[in-house]
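Take a look at the structure below.
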Amino acid sequence: MLATRARIALADPLAVLTPLCAHLVEHDAIVEAGPETMRITLEGATATLKPHADELEVMVEAPGLAALRALRSAIASHVIAFAQNQARPEIRWSGDTTGPSLAPDFRILAVTAVETLTPHMRRIHFAGEALDRFDSLGALHVRLFIPPAGLAEPVWPMLGEDGLPIALPSEQRPAIRKYTIRAIDPAAGTLAIDFVLHDDAGPGSTFAAKARPGDRIGMAGPGGRGLREAQRHIFLADETGLPAVGRMLAALPADATGLAIVEVAGAAEEQALARPAGMALRWLHRGAQTDSRLAEAFEELSWPVDGPDVYLWAAAEHATFLRLRAGARTRLRPDRDRHLVVSYWRAGMAEEQHAAEKRTAADSGKVTAPS
Ligand SMILES: Cc1cc2nc3c(=O)[nH]c(=O)nc-3n(C[C@H](O)[C@H](O)[C@H](O)COP(=O)(O)OP(=O)(O)OC[C@H]3O[C@@H](n4cnc5c(N)ncnc54)[C@H](O)[C@@H]3O)c2cc1C
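Counting in the numbering used here, the sequence shown runs from 973 upward without gaps.
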């Protein structure tokens, strides 16, 4: 058994411990309250937390380094998050894991092959280790860490002893972009991601255009909400949502029914998508016009509110997302689990700004869709 310990100075340890335990329970931890201590068990590791007058004593134990670091990191980052009304505590761990480490959900991927699917879609095959956690239809997307061009060796983000990211100088810092796992085989240690090659290419599109076997990127996650059980599935997407639609269509049970509408530039961008016989597939072509017709296609669907149990999944450019979300909220039962409508990119904005705008909108209560 490995063990690591910290004594964290806090003005009010209980004000941190109580929400921390409640939060981790929501994330599948088992929390047991003893007379003086709390015991948290998560993914094979156990933390014992003892509040004192002005500090929180923590001991984390696990049979392996990965599990030890994962729980250590979860405790440290949540202590800091829940101590926001107190002075920010300094956290120093002693014992079996000192020194910086990669985040528990971070993997390094190496390109093994590059496939041109259509003129503007590249499938990149990667090899990586310990991919099991990424094999989930309930969480389809990942954050890719794309090192800046010209670095002799990529520099990966590390977590410090307090479990929080160590800042990297800007010239070494990877760009972070969200992409969807199109196919994954953890036993073989492989996965594939489909990248749209677009004009005004940022780091994601540029990486895909230039990728060669041996190139490395980082990956963290997975995140988001994906497939749900339903009597009928409706998928709406542009090219950026097409990889998720393709993966979900292929994973639906043979008797699934519904419709997928995918908008692409033209016929040359269509792909063959494996799907159950009862799932219709309609392609929309933007052609010369730049405006999306996805929202109109959705509005034209006859879809009574009291119809069968339907799950709507939609991903598109921001302006279309706004229309789709408004339509989904008025036409569907306002049940959050019944629809997921997400802004996947925003015309004229790189992802950093798009993500920041989404966070601001979510904070002000205007947007409830996950990023
Ligand atoms: C959860 C999630 C999953 C996603 N999955 C995928 C996926 O599997 N495959 C995929 O290709 N994309 C996917 N996307 C979209 C992708 O993250 C964005 O398109 C991202 O902006 C691409 O990064 P970039 O570095 O190429 O461009 P950025 O640096 O972000 O942007 C540079 C410029 O390009 C424009 N731009 C960005 N994307 C597009 C586009 N698709 N078409 C035209 N112009 C664009 C921006 O508006 C900006 O002006 C996903 C997004 C989310 C939120």
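Where is the CB? At the ideal position from N, CA and C, for every residue including glycine.
Predicted model only: the values in this text are computed from it and were never measured.
Is DSSP giving residue i helix, strand or coil here?
i       : result
His1290 : helix
Leu1037 : helix
Arg1346 : Since the first and last residues shown for the chain are 973 and 1343, residue 1346 lies out of range.
Glu1272 : helix
Leu1028 : strand
Arg1197 : coil
Thr1302 : helix
Leu989  : helix
Glu1004 : strand
Thr1178 : helix
Pro1023 : strand
Ile1096 : strand
His1050 : helix
His1205 : strand
His913  : Residue numbering for the chain in the displayed model covers 973 to 1343; residue 913 lies beyond these limits and cannot be assessed.
Leu1014 : strand
Arg1331 : helix
Apart from the five residues on each side of it in sequence, which residues of its chain come closer than 8 Å, Cβ to Cβ, to residue i?
i       : result
Arg1184 : Val1083 and Val1086
Ile1063 : Ala978, Ile980, Ala1048, Val1051, Ile1052, Glu1133, Asp1134 and Gly1135
Glu998  : none
Gly1259 : Ala1237 and Gly1238
Ala1111 : Gly1193, Pro1194, Gly1195, Gly1196, Arg1197 and Gly1198
Met1093 : Asp1166, Phe1167, Val1168, Leu1169, Glu1211, Leu1214, Glu1241 and Gln1243
Among the options, whose alpha-carbon lies nearest the alpha-carbon of residue i?
i       : options                               : result
Gly1171 : Ala1181, Thr1162 and Ala1164          : Checking the sequence, you will find Asp at residue 1171 rather than Gly. Closest option to Asp1171, Cα to Cα, is Ala1181.
Ala1345 : Pro1225, His1205, Ala1228 and Gly1198 : Any property of residue 1345 remains undetermined from this structure, which presents the chain solely from 973 to 1343.
His1205 : Leu982, Ile1012, Tyr1283 and Ala1038  : Tyr1283
Leu1273 : Arg1258, Arg1303 and His1257          : Arg1303
Arg1154 : Leu1169, Ala1005 and Arg1095          : Arg1095
Gly1122 : Phe1167, Arg1188, Ser1066 and Glu1101 : Arg1188
Gln1058 : Ala1075, Thr1069 and Leu986           : Leu986
Pro1248 : Leu1266, Ala1228 and Ala1267          : Ala1228
Leu1021 : Gly1036, Leu1043 and Asp1000          : Leu1043
Leu1081 : Thr1088, Gly1067, Phe1117 and Ala1202 : Phe1117
Arg1265 : Met1251, Glu1027 and Ile1233          : Ile1233
Gly1067 : Gln1056, Thr1088 and Leu1040          : Leu1040
His1311 : Lys1330, Ala1025, Glu1268 and Ala1287 : Ala1287
Ala1376 : Gly1176, Ala1124, Ala1099 and Ala1223 : The displayed coordinates of the chain run from 973 to 1343. Any statement about residue 1376 would go beyond what the structure contains.
Arg1200 : Gly1176, Pro1225 and Lys1150          : Pro1225
Within 10 angstroms of the Cβ of residue i, are there 16 or more other Cβ atoms? Answer buried if so, exposed if not.
i       : result
Leu1109 : exposed
Asp1210 : buried
Pro1119 : buried
Met1191 : buried
Val1114 : buried
Thr990  : exposed
Ala1328 : exposed
Asp1263 : exposed
Ala1034 : buried
Ser1142 : exposed
Pro1146 : buried
Thr1332 : exposed
Ile1156 : buried
Val1030 : buried
Pro1061 : buried
Arg1297 : buried
Pro1342 : With a pLDDT of 41 at Pro1342, under the threshold of 50, the modelled position of this residue cannot be trusted; read the value that follows with caution. Under this definition Pro1342 is an exposed residue.
Ser1336 : exposed
Glu1101 : exposed
Thr976  : buried
Pro1007 : exposed
Pro1076 : buried
Arg1254 : exposed
His1389 : Nothing about residue 1389 can be read from this structure; the chain reaches only from 973 to 1343.
Glu1289 : buried
Met973  : exposed
Gln1186 : The identity of residue 1186 in the sequence shown is Gly, whereas the question assumes Gln. Result: exposed.
Ala1017 : buried
Ala1267 : buried
Ala994  : exposed
Enumerate in chain order the residues of its own chain whose CB-to-CB distance from residue i is below 7 Å, with the five nearest sequence positions on each side excluded.
i       : result
Pro1072 : Met1130, Leu1131, Gly1132 and Ile1138
Phe1293 : Val1313, Val1314 and Ser1315
Leu1346 : Here the chain covers residues 973 to 1343 and nothing more, so residue 1346 does not appear.
Glu1271 : Gly1299
Leu1245 : Gly1218, Leu1221 and Leu1253
Ala1038 : Pro1076
Looking only at its chain, what residues have a beta carbon closer than 6 Å to the beta carbon of residue i, apart from the 5 residues adjacent to it on each side?
i       : result
Gly1174 : Ala1322
Pro1126 : Pro1119 and Arg1188
Glu1004 : Arg1011
Thr1340 : Bear in mind that a pLDDT of 43 at Thr1340, under 50, signals an unreliable position, so the number given afterwards is only what the model happens to contain. So no residue of the chain qualifies.
His1326 : Arg1318
Asp1104 : Pro1158
Practice task
Taking only runs that begin and end inside the region 1112-1176, name each unbroken beta strand (DSSP E) of 3 or more residues, in chain order.
Solution key: 1113-1118, 1147-1157 and 1162-1168
Practice task
Kindly provide the ranges of any beta strand (DSSP E) runs that are 3 or more residues long and lie completely inside the region 1217-1254, ordered along the chain.
Solution key: 1229-1236
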